[in-house]
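Here's the structure, in structure tokens; my notes come after.
Protein chains: 2
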Amino acid sequence: MRISKDRLEKYRNLRRIFSEEDYINIQPIQRGGVLTEEAMKAILEFGDGYSVCDLCPPKSARLDMITSPPIKDFYHDLAEFLGMDSARVVTRCREAVFIAFKMLGRAGDYVIIDSNAHYSTYLAAELAGLRIKEVPNSGYPEFKIDLEAYNEKIQEVKKEIGSSPAAIFLTHVDYLYGNLNDAKIVGRIAKDYGIPFILNCAYSAGVMPIDGKEMGADVITCSGHKSWAASAPTGIIAFNKSLEEKIVMRSKIEGDLTKRKFGVKELALLGCTVMGAPLITLMASFPEVVKRVERWDEEVSKARYLVFELEKIEGIKQLGIKPKMHTLIHLESESFYKVSLSHKRKGYFLYEELKERRIVGIQPGLTKHFKFNTYGLSWEQVKYVRDAFFNIAEKYGISHS
Amino acid sequence: MRISKDRLEKYRNLRRIFSEEDYINIQPIQRGGVLTEEAMKAILEFGDGYSVCDLCPPKSARLDMITSPPIKDFYHDLAEFLGMDSARVVTRCREAVFIAFKMLGRAGDYVIIDSNAHYSTYLAAELAGLRIKEVPNSGYPEFKIDLEAYNEKIQEVKKEIGSSPAAIFLTHVDYLYGNLNDAKIVGRIAKDYGIPFILNCAYSAGVMPIDGKEMGADVITCSGHKSWAASAPTGIIAFNKSLEEKIVMRSKIEGDLTKRKFGVKELALLGCTVMGAPLITLMASFPEVVKRVERWDEEVSKARYLVFELEKIEGIKQLGIKPKMHTLIHLESESFYKVSLSHKRKGYFLYEELKERRIVGIQPGLTKHFKFNTYGLSWEQVKYVRDAFFNIAEKYGISHS
């Protein structure tokens with residue numbers, strides 16, 4: 144069908160309203176996905192559709208067999224970097240979780256997940272036909288996952304259906320409070336029961352050091368656009384040798400008439416996966432990612448410092464485990480909330496006051512609870528953010544020490 | 144784990160060996176995915192991870208609700224452009240096929256597919272737990288799908304399992320011969336039997352005009368990086384109102400402890416889908432795509448012309464339906480094959496001779512059968528390609544008229 148020229152005008156000159164040059168972006172999920180310079184160069188080079196496939200090897204035509212650009216090596220390096228045996232780049236972290244659930248479980252099986260898991264974990268289980276059992280958290284204000292409770296939950300499943308859960312799943316760092324879980328505890332439990340352990344590192348791998356083996360993870364899932372300085376959509380699924388046959392099981396289907404078969408293709412990946420800009424940015428940023436995880440302690444210091452400073456404002460309180468072990472911060476703010484009740488812009492005032500000060504990323508409308516992320520900000524920017532909050536507090540007569 | 148600095152060197156300055164400036168790329172699957180200038184500008188603007196989500200609406204937090212950049216409008220315009228009621232951008236055409244199979248079928252159901260379907264169609268059925276029945280083609284040299292045979296295949300399934308197939312599936316233009324099927328015939332059969340009709344337009348939508356309603360399609364699947372001048376990985380699933388509740392069924396899962404629910408999220412998409420460079424290039428190229436499909440006849444003329452010319456070379460014969468109705472061309476070449484038998488570079492000689500002449504995209508090693516695509520080449524480039532083939536033929540003593 145024809146679309147009128149007028150209606151197409153809006154797609155011309157697509158611009159980002161809040162550019163990284165003009166604004167400090169503290170959006171909770173965006174800090175780890177800002178491209179490196181190398182990635183920006185690479186995206187220009189490999190922006191075209193299938194451009195990474197220029198030299199796809201004819202005989203083993205599969206993305207992970209391409210040596211120029213060095214995709215094959217990259218998959219190996221990725222696995223090693225994560226302390227796992229194998230890795231594949233997939234379209235999203237949530238797809239990685241779906242693949243793990245689908246290939247490790249059968250319809251009706253249980254999977255045990257932490258109660259701070261991202262919504263996409265629940266959806267991945269639902270799409271894979273699995274039932275879930277949640278591991279409780281301690282509730283307000285820490286929302287700490289009770290890691291030892293994985294034991295009880297396994298027992299519960301065994302009692303209920305007479306067999307073990309298909310897998311146990313833990314969100315390494317959750318998106319709600321930025322709580323870092325001690326994955327080793329769950330790794331040990333998984334080992335005790337001989338159940339595969341899936342660790343979702345969407346908020347950890349790519350920004351902090353990860354050693355899957357040490358944590359006892361059987362599968363690790365990652366988000367390229369969240370934490371690896373890559374374009375969306377990209378994810379990583381890394382796994383241990385013992386699960387390779389399941390996770391990347393080859394296709395077995397055969398054409399009833401033609402007898403066509405595709406035994407080289409990996410079923411759950413549907414063959415080749417991420418062929419373009421996201422993959423090439425992930426690769427181009429990799430050297431910097433390898434370096435930056437070593438600076439993680441410094442990143443955590445900045446987060447802790449900002450929490451320490453902002454808690455000087457009356458009525459502001461950090462939620463989640465203290466002190467911060469991650470740069471994703473969830474604040475509760477009774478005082479800003481009180482202001483919002485009588486402000487003509489209601490809850491939007493905080494967003495707008497910050498925007499006026501060239502800070503973006505806090506969800507518009509929120510004042511009582513809001514999240515942000517300090518990852519990759521300079522100390523100067525962190526202090527600027529603090530000063531902006533102090534300044535807004537003062538403007539509305541909220542005291543700070 | 145640490146990766147040594149030496150090993151990271153290979154990820155620096157990633158360059159495309161065959162740039163569009165220096166080479167004529169006739170790779171069968173790449174022609175429709177070359178970015179427009181608008182797309183190239185947009186990718187620089189929105190390369191960062193989640194950058195299209197800067198203004199995600201807080202209350203209906205979902206990709207297709209974002210109005211800046213105009214994603215919400217884009218989804219509507221996409222649907223209209225394809226002559227369908229609704230559309231979603233997904234990560235790949237094969238994921239769109241998987242979603243359609245998964246959401247329309249139940250494990251063990253049949254889906255009827257054409258025997259020229261891409262391997263990923265078979266894998267999508269396998270992953271969704273469906274069985275397949277293939278519709279035959281006429282074999283050498285036309286490989287024409289027997290569209291009326293969908294009738295018999297439906298009857299076969301009914302006889303075998305007592306119920307209808309979950310869906311019937313046709314590849315509009317296949318990847319093997321570039322044969323264009325008259326989808327209306329299958330659309331009519333689907334309507335007669337009341338079975339959903341999935342039309343895979345990976346090689347048609349985005350380069351030629353598509354009207355899903357007119358063809359009687361219930362679901363249309365597309366590939367952004369193949370035919371919409373977009374970065375990989377992107378696909379589109381478009382569907383009619385009648386299937387909306389199934390295809391984009393909302394999540395129903397509930398946390399057993401927390402009672403968390405995610406009723407706004409679309410299950411098979413796992414929530415938000417393509418958030419970055421591929422989506423923004425798809426949008427930025429859209430005005431040009433809307434225009435370019437009107438020039439399809441001219442593109443087909445170029446393909447026909449080149450086939451006409453190359454068939455003047457002794458032993459060269461176009462496979463698939465004649466005359467060409469699409470720009471993807473499959474040639475059989477007894478003469479080049481004979482050369483390869485005694486050439487020291489074996490079958491690679493043809494690839495190398497072409498590369499020397501700055502033409503790339505024919506699979507290295509192939510001579511007896513090879514594919515290429517003329518889409519978007521200028522007449523001058525088409526003639527240059529012809530002359531190169533003539534020249535190579537002459538070099539090896541193959542006559543041409």
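Line by line, the protein sequences are chains A and B.
Read in the working numbering, the first sequence has 245 at position 102, and its numbers run on one by one without any break.
Read in the working numbering, the second sequence has 328 at position 185, and its numbers run on one by one without any break.
The beta-carbon is built from N, C-alpha and C at its ideal position, and this holds for glycine as well.
Contact residues within the segment 466–498 of chain A, judged by C-beta distance below 7 Å to chain B: none
Am I right that A/L151 and B/P430 are in contact with their C-beta atoms under 8 Å? What's the rounded C-beta distance? Here residue 151 of chain A refers to the residue found at position 8 of the first sequence. Here residue 430 of chain B refers to the residue found at position 287 of the second sequence. Going by Cβ atoms, the distance from A/L151 to B/P430 rounds to 4 Å, so yes, they are a contact pair.
Taking a contact to mean a Cβ-Cβ separation below 8 Å, would you say B/S374 touches A/G508 in this structure? What you label residue 374 of chain B is simply residue 231 of the second sequence in a count that begins at 1. What you label residue 508 of chain A is simply residue 365 of the first sequence in a count that begins at 1. Result no, Cβ atoms of B/S374 and A/G508 do not sit closer than 8 Å.
Can you pull the chain A residues whose beta carbon is under 8 Å from the beta carbon of B/D252, in chain order? Taking the second sequence and counting its residues from 1, one reaches residue 252 of chain B at position 109. Residues of chain A passing the Cβ test: none, with the nearest at roughly 14 Å.
Which residues bound the alpha helix (DSSP H) around B/T424? Your numbering for residue 424 of chain B matches position 281 in the second sequence. Run containing B/T424: A420 to R435, per the alpha helix (DSSP H) assignment.
Could you tell me whether any Cβ in chain A is nearer than 8 Å to the Cβ of B/G398? In the second sequence, residue 398 of chain B corresponds to position 255, counting from 1. Judged by the 8 Å Cβ criterion, B/G398 is in contact with chain A.
Please report the distance separating the alpha-carbon of A/V254 from that of B/K327. Looking up residue 254 of chain A in the first sequence gives position 111. Looking up residue 327 of chain B in the second sequence gives position 184. For A/V254 and B/K327, the distance between alpha carbons rounds to 45 Å.
Taking the C-alpha atoms as reference points, what is the distance between A/M358 and A/L323? Against the first sequence, residue 358 of chain A aligns to sequence position 215. Against the first sequence, residue 323 of chain A aligns to sequence position 180. Computed Cα separation, rounded: 13 Å.
First and last residue of the alpha helix (DSSP H) that includes A/T264? Within the first sequence, numbered from 1, the residue matching residue 264 of chain A stands at position 121. Element bounds for A/T264: Y262 to L270.
Just to confirm the assignment, what range does the beta strand (DSSP E) spanning B/N516 have? Here the question's residue 516 of chain B lines up with position 373 in the second sequence. Where B/N516 is concerned, the enclosing beta strand (DSSP E) stretches over H512 to N516.
Could you pull out every residue in the same chain whose Cβ sits closer than 6 Å to the Cβ of B/Q524, ignoring the five residues on either side in sequence? Residue numbering aside, residue 524 of chain B sits at position 381 when the second sequence is read from its first letter. Within the same chain, B/Q524 has close Cβ partners I167.
Cβ separation of A/P171 and A/L471, assumed to be a contact under 8 Å, to the nearest whole Å: Reading the first sequence from its first residue, position 28 is the one you call residue 171 of chain A. Reading the first sequence from its first residue, position 328 is the one you call residue 471 of chain A. Right, the Cβ-Cβ distance comes to about 6 Å (below 8 Å), so this counts as a contact.
Here's the rule I'm using: 16 or more other beta-carbon atoms within 10 Å means buried, otherwise exposed. How should B/L484 be labelled? Along the second sequence, one-based indexing puts residue 484 of chain B at 341. B/L484 is exposed by the Cβ-count criterion.
Would you say the segment 424–440 of chain B touches the segment 343–361 of chain B, given that touching needs at least three Cβ pairs under 8 Å? yes
Contact the segment 242–252 of chain B vs the segment 211–227 of chain B: 3+ CB pairs below 8 Å: no
Cα-Cα separation between B/R331 and B/I146, rounded to whole angstroms: Taking the second sequence and counting its residues from 1, the one referred to as residue 331 of chain B is at position 188. Taking the second sequence and counting its residues from 1, the one referred to as residue 146 of chain B is at position 3. About 58 Å.
So, with DSSP's three-state summary, where would you put A/G545? Not covered by the structure: residue 545 of chain A. The range shown for chain A is 144 to 544.
Beta-ladder partner(s) of A/R500, from DSSP: The sequence position of residue 500 of chain A within the first sequence is 357, counting from 1. For A/R500, which the question treats as bridged, DSSP gives no partner whatsoever.
Proximity below 8 Å, CB of B/N343 to CB of B/L313: Taking the first residue of the second sequence as 1, we reach residue 343 of chain B at position 200. Taking the first residue of the second sequence as 1, we reach residue 313 of chain B at position 170. A contact, by the Cβ cut-off of 8 Å.
Do you know offhand how far B/W522's Cα is from A/A420's? One-based indexing of the second sequence puts residue 522 of chain B at position 379. One-based indexing of the first sequence puts residue 420 of chain A at position 277. Near 30 Å, if we compare the C-alpha coordinates of A/A420 and B/W522.
DSSP three-state label for B/K465, please. By one-based count along the second sequence, residue 465 of chain B stands at place 322. Residue state, collapsed to three classes: coil.
Which of helix, strand or coil does DSSP assign to B/I328? One-based indexing of the second sequence puts residue 328 of chain B at position 185. Reduced to three states, the DSSP call for B/I328 is helix.
Within the same chain, show all residues whose beta-carbon is closer than 6 Å to that of A/Y539, passing over the 5 residues directly before and after it, in chain order. Residue 539 of chain A sits at position 396 when you count from the first residue of the first sequence. Counting only Cβ-Cβ distances below 6 Å, and skipping sequence neighbours, we find V482.
Below 8 Å on the Cβ atoms is my contact criterion, and I expect A/I363 with A/A333 to pass it. Report the Cβ-Cβ distance as a whole number of Å. Numbered from its first residue, the first sequence carries residue 363 of chain A at position 220. Numbered from its first residue, the first sequence carries residue 333 of chain A at position 190. Incorrect: roughly 13 Å between the Cβ atoms, too far for contact.
In chain A, which residues lie with their C-beta within 7 Å of the C-beta of B/R331? Indexing the second sequence from 1 puts residue 331 of chain B at position 188. Ordered by position in chain A, no residue passes the 7 Å Cβ test against B/R331, which lies about 20 Å from the chain.
Below 8 Å between beta carbons: does that hold for A/R174 and A/Y518? As a first step, residue 174 of chain A is located in the first sequence; it is residue number 31 there, counting from the start. As a first step, residue 518 of chain A is located in the first sequence; it is residue number 375 there, counting from the start. Yes, they are a contact pair.
Give the DSSP-derived three-state secondary structure of B/R447 in the structure shown. As a first step, residue 447 of chain B is located in the second sequence; it is residue number 304 there, counting from the start. Note: B/R447 maps to helix in three-state DSSP.
Using the rule of at least 16 other Cβ atoms within 10 Å of the residue's Cβ for burial, across every protein chain shown, is A/G282 buried or exposed? Taking the first residue of the first sequence as 1, we reach residue 282 of chain A at position 139. Result: exposed.
Cβ pair count under 8 Å reaching 3, the segment 293–303 of chain A against the segment 249–268 of chain A: yes
Beta-carbon within less than 7 Å of B/F189's beta-carbon, same chain only, minus the 5 sequence neighbours each way: which residues are those? In the second sequence, residue 189 of chain B corresponds to position 46, counting from 1. V195, G419, A420 and I423, listed in sequence order.
Terminal residues of the alpha helix (DSSP H) in which B/D257 lies: The residue labelled residue 257 of chain B in the question sits at position 114 within the second sequence. From DSSP, B/D257 is part of no alpha helix (DSSP H) but of the beta strand (DSSP E) over Y253 to D257.
Taking the alpha carbon of A/Q506 as the reference point, which residue from B/A204, B/F513, B/Q506 and B/I304 has its own alpha carbon closest? To locate residue 506 of chain A, count along the first sequence from 1; it is residue 363. Per the Cα distances, B/A204.
Report buried or exposed for B/T210, applying the criterion of at least 16 other Cβ atoms within 10 angstroms of its Cβ. To locate residue 210 of chain B, count along the second sequence from 1; it is residue 67. The residue is exposed, with fewer than 16 neighbouring Cβ atoms inside 10 Å.
Coarse secondary structure for B/V161, derived from DSSP in three states: The residue labelled residue 161 of chain B in the question sits at position 18 within the second sequence. Checking the displayed sequence, the identity of residue 161 of chain B turns out to be Phe instead of Val. Of the three classes helix, strand and coil, the one that applies to B/F161 here is coil, per DSSP.
Nearest by alpha-carbon distance to A/V407: which of A/L206, A/E180 and A/E181 is it? One-based indexing of the first sequence puts residue 407 of chain A at position 264. Of A/L206, A/E180 and A/E181, the residue nearest in Cα terms is A/L206.
Contacts around A/C199, its chain only, beta-carbon distance under 7 Å, and the 5 residues preceding and following it disregarded: In the first sequence, counting from the first residue as 1, residue 199 of chain A sits at position 56. Excluding residues within five positions, the ones whose Cβ falls inside 7 Å are I209.
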